[in-house]
Amino acid sequence: MYVQKMDGWILERFGSMSNEKSRGNGNKINSDRLQVVLTYAQSLDGSLTAVRGTPLALSSAESFRMTHLLRASLDAILVGVNTIISDDPSLTTRLVDGPNPLPIVLDTNLRIPFDCKLFTDQRCRKPVICCSNTESNMTKVKHLEALGAKFLFVGTKNGRVSLPSVFDTLREAYKDTDAIKSIMVEGGASIITSMLQPDALSYITNIILTMSPMFVGGLRSVQELLPSENRNSNDGKLVYKRWKVDHSTVLGGDVIVCLSPP
673 MYVQKMDGWI LERFGSMSNE KSRGNGNKIN SDRLQVVLTY AQSLDGSLTA VRGTPLALSS
733 AESFRMTHLL RASLDAILVG VNTIISDDPS LTTRLVDGPN PLPIVLDTNL RIPFDCKLFT
793 DQRCRKPVIC CSNTESNMTK VKHLEALGAK FLFVGTKNGR VSLPSVFDTL REAYKDTDAI
853 KSIMVEGGAS IITSMLQPDA LSYITNIILT MSPMFVGGLR SVQELLPSEN RNSNDGKLVY
913 KRWKVDHSTV LGGDVIVCLS PP
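Heads up: the sequence shown begins at 673 in the numbering used here, then just goes up one per residue.
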């Protein structure tokens, strides 16, 4: 029952965000804003994994399937190159019926492996790689292009790809075709922390958080103290905005919460 209710809620809430879904049902998305959905799974103590670079199965089978349904409801899926290196995901919708989202990989220094699944598994769509500069690495660029990769050149912040630049560049690059109207961001600690910074936070339309009923004490999802609303105040008290809970349920023992900005 919970699975059916969650399926219906995701399709109702996010299905219209996908350009392919919209074409199929005759609906037209009028908003010019890129819909950005941040999603990740963590333990009760906020851990993504026990040790950095080593995957940990947190999601139940039911909540993992929900993630695939969400992928099928959105146009693109964004991950960092560290996720590609450590997990080698296929980023498909193999657990549900629906189109695979377009993989977007943040890779400042072109570290993506040639033999990752995105290039070797025929079920996977070839990725768009967001990077800052390829002039010093043209040999690898040509090899990646031969494998099917496309490139978007974006701005940087503190030596890393800038997420606001990524979202703005994607929206501009695909505005004529409307191929990307919605994007699912799968964290990674680095991406989650970057997404919650003030410059990227305003791009988030929803967060879907899966909480697994276990304690790990490992790599935390948020890697640093985030700026408070009253960071310039002299009273010493920190104030943070409370996000709105739009929906919550339990799938396979995991608590699923969907949030929208304050």
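From the three backbone atoms N, C-alpha and C, an ideal C-beta is built for every residue, glycine too.
Cross-strand partners of residue i (DSSP beta bridge)
i, result
"residue 833", "828"
"residue 926", "923"
"residue 752", "778"
"residue 916", "932"
"residue 715", "884"
"residue 891", "721"
"residue 728", "Note: residue 728 sits in no beta bridge, so no partner."
"residue 822", "800"
"residue 878", "709"
Spatially closest choice to residue i from the options, by CA coordinates
i, options, result
"residue 800", "760, 823, 786", "823"
"residue 841", "866, 804, 868", "804"
"residue 927", "740, 882, 914, 890", "882"
"residue 726", "758, 705, 717", "758"
"residue 735", "884, 818, 846", "884"
"residue 753", "802, 898, 887", "802"
"residue 871", "846, 845, 891, 838", "838"
"residue 785", "815, 794, 795", "815"
"residue 874", "705, 780, 683", "705"
"residue 912", "817, 898, 731", "898"
"residue 921", "686, 738, 787, 728", "738"
"residue 729", "902, 888, 827, 849", "888"
Short Cβ contact (8 Å threshold) for residue i with residue j
i, j, result
"residue 880", "residue 742", "yes"
"residue 748", "residue 863", "no"
"residue 744", "residue 770", "yes"
"residue 808", "residue 835", "no"
"residue 916", "residue 900", "no"
"residue 761", "residue 789", "yes"
"residue 751", "residue 777", "yes"
"residue 819", "residue 791", "yes"
"residue 678", "residue 923", "yes"
"residue 680", "residue 893", "no"
"residue 891", "residue 710", "no"
"residue 806", "residue 774", "no"
"residue 755", "residue 860", "yes"
"residue 877", "residue 723", "no"
"residue 731", "residue 886", "no"
Unbroken alpha helix (DSSP H) run spanning residue i, endpoints
i, result
"residue 742", "733-745"
"residue 813", "810-819"
"residue 784", "From DSSP, residue 784 is part of no alpha helix (DSSP H); its letter is neither H nor E."
"residue 870", "870-873"
Reduced DSSP category for residue i - H, G, I as helix; E, B as strand; rest coil
i, result
"residue 838", "helix"
"residue 855", "strand"
"residue 849", "coil"
"residue 764", "coil"
"residue 797", "coil"
"residue 682", "helix"
"residue 791", "helix"
"residue 710", "strand"
"residue 865", "helix"
"residue 759", "helix"
"residue 807", "helix"
"residue 687", "helix"
"residue 700", "Confidence at residue 700 is low in this model, with a pLDDT of 37, below 50, so its placement is unreliable and the value that follows should be read with caution. Looking at residue 700 - three-state DSSP - the assignment turns out to be coil, as it is neither helix nor strand."
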